[in-house]
Amino acid sequence: MSLTPEQIQGLADHVLNAQQTAQPIPMLTIDHPELSVAEGYAIQGALRERYLASGHRHIGWKAGLTSRAKMRQMGVAQPIVGFLTQKMAAAPGSVIEVANHVHPRVECEVAFVLSADLPAEGCTVEHVLEATEFVVPAIEMIDSRYQNFKFDLASVIADNTSTARFILGSNGMRLSDLDRKTLGVALLRNGEVMATGASAAVWGDPAASVALVANIVGSVGGRLEAGMTVMSGGITAAFAVSPGDCVSARFQALGNVDIRFA
Ligand code: OOG
Ligand code: MG
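For the sequence shown, position 46 matches number 51 in my numbering, and the numbering has no gaps at all.
This is how it looks when you write it as structure tokens:
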């Protein structure tokens with residue numbers, strides 16, 4: 006690493022300030038062109054400490070950039086992980102204030118709820134199938150804190166992979182009752198279909214994406230634990246939202262999840 010521990014802490018404060026004030030900042034690699042993936046995760050870890058110190062509970066993890074649609078949209082072709090806390094969750098059907106965010110976008114995902122810990126190394130699909138209690142339909146509202154929603158790999162990792170809010174549907178289903186690779190989904194904004202997709206778009210199998218998350222998290226010193234929620238990654242591209250918008254993700258078999266914006 007080329008950054009000092011003080012610089013890592015300083016950059017975590019810088020990103021946190023952008024998140025809290027909803028003011029866009031240039032991506033970190035403008036001032037630190039050598040910023041590495043490991044340093045990105047070190048900044049994300051320092052950011053997580055700040056969240057936990059202010060009353061957030063760490064309740065899960067998320068995959069980012071696990072589908073071609075997302076990689077193509079963002080111009081970054083490597084999967085990444087971020088952390089989720091209880092205060093980032095929004096109830097289905099509730100209202101999110103756009104003004105609290107920089108330039109929010111929505112995407113549809115399958116979320117996994119774990120009943121057992123996953124290995125931090127060598128995690129496979131079989132481990133995930135065994136450890137998954139149920140899956141739920143989900144919407145993630147991402148919000149890059151970087152100007153024009155433009156970033157590179159290290160910068161987006163430092164910004165907790167654009168994590169802002171997530172909405173879990175109430176209809177939990179066991180994986181054994183689903184064909185988890187061919188779940189169809191339509192993402193609607195104000196009744197208009199913005200995108201359609203199938204769950205295999207996520208790393209060939211959303212359970213494989215969860216295994217990937219376990220291994221990446223393990224490589225940076227964390228673990229996917231029993232009781233945690235894991236967002237497996239956006240199936241389609243993400244879409245911008247404005248005040249007044251209603252967004253609905255309608256999944257085959259899993260049902261719907263809706264959120265409103267003001
Ligand atoms: C990075 C986060 C990506 C996903 O599901 O792929 C993500 C971004 O697109 O801003 O959450
Ligand atoms: Mg996502």
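Cβ atoms here follow ideal geometry from the backbone N, Cα and C, with glycine treated the same way.
Here the structure is a predicted model, which means the values were calculated and not measured.
Item                                                                                                                                : Value
What is the rounded straight-line gap between the Cα of Ala17 and the Cα of Pro97?                                                  : 30 Å
Looking only at DSSP bridge pairs, what is Trp66 linked to?                                                                         : Phe88 and Val235
What residue range is occupied by the uninterrupted beta strand (DSSP E) comprising Val140?                                         : Thr137 to Ile147
Judging by CA-CA distance, which residue of Ala125, Ile101, Ala258 and Leu229 is the nearest neighbour of Phe171?                   : Ile101
With hydrogens ignored, establish whether the beta-carbon of Ser149 is closer than 7 Å to any heavy atom of the ligand OOG.         : yes
Which residues share a DSSP beta bridge with Leu192?                                                                                : Ala200 and Ala254
Please name the residue in Asn195, Arg53 and Ser224 whose C-alpha comes closest to that of Pro248.                                  : Asn195
For the alpha helix (DSSP H) that contains Ile48, what are its first and last residues?                                             : Val42 to Ala58
Spell out the partners DSSP gives Asp263 in its beta bridges.                                                                       : Ser253
Is Met236 a contact residue of the ligand MG, with contact defined as CB to any heavy atom under 7 Å?                               : yes
Work out the CA separation of Thr166 and Val141 for me, nearest whole Å.                                                            : 21 Å
What would DSSP say about Met32, mapped onto helix, strand or coil?                                                                 : coil
Do you know whose CA, among Tyr151, His63, Arg110 and Leu188, lies nearest Met32's CA?                                              : Tyr151
Assign Gly232 to one of two classes, buried (16 or more other C-beta atoms within 10 Å of its C-beta) or exposed (fewer than that). : exposed
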